[in-house]
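Undergrad: Here the protein sequences come in this chain order: C and R. Heads up: the first sequence begins at 1 in our numbering, then just goes up one per residue. Heads up: the second sequence begins at 1 in our numbering, then just goes up one per residue. Positions of the beta carbon are idealized from the N, C-alpha and C atoms, including for glycine. None of these values were measured; they are calculated from a predicted model.
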Amino acid sequence: MSEQKTTVLGNPGFAGETGDFSHLSEADIRGSAYVGRRPPEGREAGAAASYPYQLLQKDPAARLFEGPYRERAEKIKSRYPEPQGALLPLLNLAQEIRGHVDAEAMATVAEELDLSPTYVRGVATFYTMYNKQPVGDFLIQVCTNVACNLCGGDEVMAEFLKAAGTESGEISFDGAFTVIEAECLGACGFPTAVQINERYFENVTTAEVPAILEQLRTERPIRRKPAPVDVKPPEARHGAGKVEVPDDPGAPGETVGPESNPYAGGDRTPPAAARPPASDRPSSEGQG
Amino acid sequence: MAYPYRHERETRVLSEHFGDPEARTLEGWKKRGGYAALKTALGMAPNEVVDIVKNSGLRGRGGAGFPTGVKWSFMPKDDSRQSHYFLINADESEPGAFKDRELCRWTPHQLIEGAMIGAHAIRAKHVYIYIRGEFFEPAQIIGRAIEEVYAAGIAGPDAMGSGISIDVTLHLGAGAYICGEETALMNSLEGRRGQPRIKPPFPAVMGAFSKPTTINNVETVCAVPHIITNGADWYRQWGTEKSPGTKLFNMSGHLVRRGNFELPLGFPLKDLIYDVCGGIRDGRKLKAVIPGGSSVPILAADEIDIAMDYESVAAAGTMLGTASVIVMDDQTNMVKQVRRMVEFYAHESCGQCTPCREGTQWLARILRRIEDGYGRQEDLDQLLEIGTNMTGTTICVLSDSAAAPVASSIAKFKDEYLALIRRAEPAAAAV
Chain C
1 MSEQKTTVLG
11 NPGFAGETGD
21 FSHLSEADIR
31 GSAYVGRRPP
41 EGREAGAAAS
51 YPYQLLQKDP
61 AARLFEGPYR
71 ERAEKIKSRY
81 PEPQGALLPL
91 LNLAQEIRGH
101 VDAEAMATVA
111 EELDLSPTYV
121 RGVATFYTMY
131 NKQPVGDFLI
141 QVCTNVACNL
151 CGGDEVMAEF
161 LKAAGTESGE
171 ISFDGAFTVI
181 EAECLGACGF
191 PTAVQINERY
201 FENVTTAEVP
211 AILEQLRTER
221 PIRRKPAPVD
231 VKPPEARHGA
241 GKVEVPDDPG
251 APGETVGPES
261 NPYAGGDRTP
271 PAAARPPASD
281 RPSSEGQG
Chain R
1 MAYPYRHERE
11 TRVLSEHFGD
21 PEARTLEGWK
31 KRGGYAALKT
41 ALGMAPNEVV
51 DIVKNSGLRG
61 RGGAGFPTGV
71 KWSFMPKDDS
81 RQSHYFLINA
91 DESEPGAFKD
101 RELCRWTPHQ
111 LIEGAMIGAH
121 AIRAKHVYIY
131 IRGEFFEPAQ
141 IIGRAIEEVY
151 AAGIAGPDAM
161 GSGISIDVTL
171 HLGAGAYICG
181 EETALMNSLE
191 GRRGQPRIKP
201 PFPAVMGAFS
211 KPTTINNVET
221 VCAVPHIITN
231 GADWYRQWGT
241 EKSPGTKLFN
251 MSGHLVRRGN
261 FELPLGFPLK
271 DLIYDVCGGI
281 RDGRKLKAVI
291 PGGSSVPILA
301 ADEIDIAMDY
311 ESVAAAGTML
321 GTASVIVMDD
331 QTNMVKQVRR
341 MVEFYAHESC
351 GQCTPCREGT
361 QWLARILRRI
371 EDGYGRQEDL
381 DQLLEIGTNM
391 TGTTICVLSD
401 SAAAPVASSI
411 AKFKDEYLAL
421 IRRAEPAAAA
431 V
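1) Please identify, using Cβ separations under 8 Å, the residues of the stretch 185 to 219 of chain C that lie next to chain R, in order along the chain.
2) Within the 8 Å Cβ cut-off, does ALA429(R) reach chain C?
3) Counting contacts by CB-CB distance shorter than 8 Å, is PRO89(C) in contact with chain R?
4) In this structure, how does DSSP classify THR144(C) when only helix, strand and coil are distinguished?
5) Opposite GLU262(R) in the DSSP bridges: which residues?
6) Can you tell which of PHE126(C), LEU113(C), ALA107(C) has the C-alpha that lies nearest to the C-alpha of ALA432(R)?
7) Any idea what DSSP makes of ILE306(R), helix, strand or coil?
8) Using the beta-carbon of each residue, which ones in chain C are nearer than 7 Å to ARG193(R)?
9) With a CB to CB cut of under 6 Å and the five nearest residues on each side skipped, what residues in its chain are close to ILE280(R)?
10) Which first and last residues belong to the alpha helix (DSSP H) in which ILE141(R) is found?
11) Assuming THR107(R) and ALA23(R) form a contact by the criterion Cβ under 8 Å, report the distance between their Cβ atoms to the nearest whole angstrom.
12) May I have the straight-line CA-CA distance separating PRO225(R) from ARG63(C), to the nearest angstrom?
13) Does the count of Cβ pairs from the stretch 103 to 111 of chain C and the stretch 133 to 148 of chain C closer than 8 Å reach three?
14) Using a Cβ-Cβ cut-off of less than 8 Å, give me the residues of the stretch 153 to 172 of chain R that come near chain C, in sequence order.
15) Pick helix, strand or coil for ASN89(R), following the three-state DSSP scheme.
16) Residues of chain R with CB under 7 Å from MET106(C), in chain order?
17) By the three-class DSSP mapping on this structure, what secondary structure does LEU139(C) have?
18) How close, in whole Å, do the beta carbons of LEU420(R) and GLY373(R) come, if the pair is a contact with beta carbons under 8 Å?
19) For the beta strand (DSSP E) containing SER83(R), name the first residue and the last one.
20) Between the beta-carbon of ALA90(R) and the beta-carbon of VAL218(R), is there less than 8 Å?
21) Tell me the DSSP bridge mates of PRO67(R)?
22) Going by other Cβ atoms of all chains shown within 10 Å of its Cβ, with 16 needed for buried, is GLY163(R) buried or exposed?
23) With burial defined as no fewer than 16 other Cβ atoms inside 10 Å of the residue's Cβ, what is the status of GLY265(C): buried or exposed?
24) So, under 8 Å CB-CB, LEU299(R) and ASP309(R) are touching, yes? Tell me the CB distance rounded to an integer number of Å.
25) Using the three-state DSSP reduction, which class does ARG63(C) fall into: helix, strand or coil?
26) According to DSSP, which residues form a beta bridge with ARG281(R)?
27) What does ASN216(R) pair with, by DSSP beta-bridge criteria?
28) Just mark GLU378(R) as buried or exposed, buried being the case when its beta carbon has 16 or more other beta carbons within 10 Å.
29) Less than 8 Å between CB atoms is the rule here; does TYR417(R) satisfy it with respect to chain C?
30) Using the three-state DSSP reduction, which class does HIS171(R) fall into: helix, strand or coil?
31) By a C-beta neighbour count over all protein chains shown, 10 Å radius and 16 as the cutoff for buried, is ASP233(R) buried or exposed?
32) ALA41(R) and HIS120(R) look like a contact to me (Cβ under 8 Å); what is the Cβ gap, rounded to whole Å?
33) Indicate whether the contact test is met: 3 or more Cβ pairs, each with one atom in the stretch 126 to 134 of chain R and one in the stretch 163 to 173 of chain R, closer than 8 Å.
34) Residues of chain R with a CB under 9 Å from the CB of LEU150(C): which are they?
35) Please identify the residue among TYR345(R), SER399(R), GLY114(R), TYR35(R) whose C-alpha is closest to the C-alpha of LEU215(R).
36) Please confirm whether any heavy atom of the ligand GTP lies closer than 7 Å to the CB of TYR85(R).
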């Protein structure tokens, strides 16, 4: 599978859909089954329920911390001796739901943790990963810091802007891309490193930029559709490196409208059995 | 395995299982001898564990090189275990460093095992692994490994049947370089702005959530299980007297082979560049080397005949830091690269201390002016003066880090600056 991914872009270091995110459908992520199961009875959960997913299916008007998100928020809060410790993870959660963190979201988080909205705003604006305004479906962050810069980071950045037809920090006309410069992404041995939503693309050269954008354009409509409730058996879902294409995306009752909060119902959570066991999840072989 | 970076001169202790997906699972890790060291350590008194690590001479791999065992011994010897925290710093964001990401990606159980041993040694009940928010994939891998160790009863109220309670939590940052500083990391964990705190009080007295806290880098913690299993003397077979052990060297820039190479400390920098990494790309000549990440002074091409251990690098006027070696060839525009580094610090300055908040901005502006061809004769002196005022005058060392490459590049590559300034001021050049 790594070979296939490698040849897609002819890039030996292509990280693509690395790791263990690729086989998860949107429903997996939206639900609370995957994230932060509470291991031994009654203990504080140890694992994360706070990965900063950047999903394509976002709703800037959605209400925060309802349904499965309520569950996740409570799990997160249970792990800190003081409630304020949950501030960063809850902001992440808000961003996952809405795609960005605006003043209203900050106020909601503040209320959740009994802090003042001004204080939360002061914290949220300190960190660069909270988008203070909406971004495109794919947030493309090109590392132009010294190690990547030596190997052409600036040129890759310019190429992304050109290919996406946008200015730095703006949303492209079709709503698909926002391209920004990033500070060191911690992949200096694989220049140029590019982070697109949660994915890392490594050893990116200017020549590969159009192909990457093309791949993202192909993924876009697929990833935007809500995943079906009846997920395939675990074996069939091991399409590692590929995006899950729902068999019947338009199943009745599954349409997501602005008036129905798609995250509210716990019934959208896939059964735990649908998740492949941990040991045989696809992994990213050493293409990094 | 087909992991791309392998060299015959490497000594692979921490990186032995890089590229092996099976080693990332609990089963696979146990098959490779994993969690035996934790079992051993949990059977010991905390002080015994501290002594072994102290004797091994392991030094912090996050940049400062402080002896780990000594750091652990600062913690109060309070057996109630109610209120100590052990933090793992996986907020790797030093430009040039990319070792922790690989350790997290490939050996999550090595990290958790080391973290739990450390927690036992300092009598902590709770481990927080603070990983930077951009490391989504490593975070997922660690998160899954944590679920595995909970399910297997390795972590939790009765760690490996020892009756000792150790919890492990993963915490994601949200994009701020300064959170790699230990007290800033604690503030960030508590849900505050990541601004460094004034020391004292030191973390061992009052750290995260106002409780005694110890914080270690990922690479430091990953070495601990091996030391517990094989003993302090075994670890001392590598490296020098004062800098024992192996180290991941993060090689980036204009090299034929880039990547992480694990080698004994004290390995010659020249061999590292020309043998292990295959020399400079496209047959070019070496111009400059940054030996420890972008915060340390730059070395010119004729200064690379040094050994890569903490003392030798310091003797050469720079720092080993995270051993993140950035190599630049003779085509490099030094002014541009220094400007890019300084812009990074200007962006990441937390804004608490005036010399840093103002100084980084002015350095970046003046360097940009020189690069764009509008430099003035007095600019170099001005840069040096700003840099002097930024050094040693702030709470943390970010300010010093921003000034270091400027001062060292002006000292060693002054001609390049002058050439740009002369072009801007033809009249001045004639004088």
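TA: Reading from the atomic positions:
1) LEU185, GLY186, ALA187, CYS188, GLY189, PHE190, PRO191, GLN195, GLU198, ARG199, TYR200
2) Any reading at ALA429(R) needs caution, since the residue's pLDDT is 47, under 50, leaving its predicted position unreliable; the model's value is listed next. With 8 Å as the cut-off, ALA429(R) does not count as an interface residue toward chain C.
3) yes
4) coil
5) LEU248(R)
6) Here chain R covers residues 1 to 431 and nothing more, so residue 432(R) does not appear.
7) coil
8) GLY122, VAL123, PHE126
9) HIS254, LEU286, ASP329
10) 136 to 151
11) 6 Å
12) 46 Å
13) no
14) GLY153, ALA155, GLY156, PRO157, ASP167, VAL168, THR169, LEU170, HIS171, LEU172
15) strand
16) Those do not exist, as MET106(C) stays about 13 Å from chain R at its closest Cβ, beyond 7 Å.
17) strand
18) 6 Å
19) Run containing SER83(R): none; DSSP gives neither H nor E here.
20) yes
21) ARG59(R)
22) exposed
23) In this predicted model, GLY265(C) has a pLDDT of only 35, less than 50, meaning its place in the structure is not dependable; the value taken from the coordinates is given anyway. Looking at its Cβ environment, which holds fewer than 16 other Cβ atoms inside 10 Å, GLY265(C) is exposed.
24) Not a contact, Cβ separation roughly 15 Å.
25) coil
26) Answer is none; ARG281(R) lacks a bridge partner.
27) ILE88(R)
28) exposed
29) no
30) strand
31) exposed
32) 6 Å
33) yes
34) SER252, GLY253, HIS254, ILE326, VAL327, MET328, ASP329, THR332, GLN337
35) The question names Leu, but residue 215(R) in the sequence shown is Ile. Answer by Cα proximity: GLY114(R).
36) This structure lacks the ligand GTP, and indeed carries no ligand of any kind.
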